[in-house]
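Asks:
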Amino acid sequence: MDKLPGLTFAQSQAAVYEAIEKNYPAIFQRIKEKVREGTWIPVGGMWAEPDLNMPDGESFARQLLYGKRYFLDKFGVDVTVGWNPDGFGHNFQLPQILNKAGIKHYVFERCAPEKMPVFWWEGLDGSRLLAYVPPGWYLADLRSGVRDLLYEASKNTPLKDFMLLYGEGDHGGGPRATDLEAIRKFKDDKNHPRLEFIRPEEYFRRLEKSGIEFPVVKRELNYTFPACYTTQAQTKKYNRR
-19 MDKLPGLTFA QSQAAVYEAI EKNYPAIFQR IKEKVREGTW IPVGGMWAEP DLNMPDGESF
41 ARQLLYGKRY FLDKFGVDVT VGWNPDGFGH NFQLPQILNK AGIKHYVFER CAPEKMPVFW
101 WEGLDGSRLL AYVPPGWYLA DLRSGVRDLL YEASKNTPLK DFMLLYGEGD HGGGPRATDL
161 EAIRKFKDDK NHPRLEFIRP EEYFRRLEKS GIEFPVVKRE LNYTFPACYT TQAQTKKYNR
221 R
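Under this note's numbering, the first residue of the sequence shown carries the number -19, and numbering increases by one thereafter.
If you want it as structure tokens, here you go:
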């Protein structure tokens, strides 16, 4: 982040921050500095990115209680963007639970409605989240530019601006040197979509001010890998108790 001023980095899961705080206090202090600068953005508001079907409502409530409390205590940040890009499904009551915790927006990938990058997700009680599905999953490749990626993404929506999640992505790693080089290269190239760093909260503000009437989806968002709900059955049985 020091090499490329303005670079924004979003990180969820309070449990990860706590581990860094305990084991690498000097690094934790640097993270706090970047949060104060506004370039490191705590997201999600949960203690960890959980399975979103099997735990009960009390578990989700405590995920948010402990997660949001940690981010507020350590960074002075009230997280408002939900963040579960790799969840294998999303239960129907999640909009209500997240709304009651002050989460108004939701970033995810798996189990999204087909051809809907942005939509209002409505829960059982009528609570709504503005949901966003980033093109290119959570590891968009910037190295050759993003013109083709965004062309495909724009086919089914009037949206012109998209938030991309890029870098090594799955299982950690963060931005690659080649990603940062591509950002410098294409940032102001008139032959390619313009790239800029942005905070997720700001992107959602732009969506809400766009005047676009986004579709409403009122159902659960399931399933990916259904066998994950039957493996390790004994553990799941104990969880239900």
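Just so it is clear, CB atoms sit at the ideal spot from N, CA and C, and this is done for glycine as well.
1. Are at least three pairs of beta-carbons, each pair with one atom in the segment 67 to 79 and one in the segment 30 to 46, less than 8 angstroms apart?
2. At what residues does the beta strand (DSSP E) containing Glu102 begin and finish?
3. Excluding the five sequence neighbours on either side, which residues of its own chain have a C-beta within less than 8 angstroms of the C-beta of Lys140, listed in chain order?
4. As an exercise, report each continuous alpha helix (DSSP H) stretch of at least 4 residues that is fully enclosed by the segment 82 to 140, in chain order.
5. Going by Cα to Cα distance, which pick from Ile7, Gly125, Ala(-6), Ser124 is closest to Trp63?
6. Can you tell me whether Glu29 is buried or exposed, with buried defined as 16 or more other CB within 10 angstroms of its CB?
7. Are at least three pairs of beta-carbons, each pair with one atom in the segment 11 to 26 and one in the segment 178 to 191, less than 8 angstroms apart?
8. In the DSSP assignment, the beta strand (DSSP E) including Gly62 goes from what residue to what residue?
9. For Thr137, which residues from the same chain have a beta carbon less than 7 angstroms from its beta carbon, with the 5 sequence-adjacent residues on both sides left out?
10. Just curious, the beta strand (DSSP E) that Phe(-11) is in, first and last residue?
11. Tell me whether Tyr146 sits in a helix, a strand or coil according to DSSP, three-state version.
12. So what does DSSP say about Val196, is it helix, strand or coil?
13. If I measure Cβ to Cβ from Gly103 and keep anything under 7 angstroms in the same chain, skipping five residues before and after, which residues do I get?
Replies: For this structure:
1. Contact between the segment 67 to 79 and the segment 30 to 46 is present: three or more C-beta pairs spanning the two stretches fall below 8 angstroms.
2. 98 to 102
3. Correct list, in chain order: Ser134.
4. 127 to 133
5. Trp63 has its Cα closest to that of Ala(-6), out of Ile7, Gly125, Ala(-6), Ser124.
6. By the 10 Å Cβ count, Glu29 comes out buried.
7. yes
8. Here the beta strand (DSSP E) through Gly62 covers 61 to 64.
9. Pro97, Val98
10. -11 to -9
11. strand
12. Correct three-state label for Val196: strand.
13. Once the five neighbours on either side are set aside, the close Cβ partners of Gly103 are Phe72, Gln73, Leu74, Pro75, Gln76.
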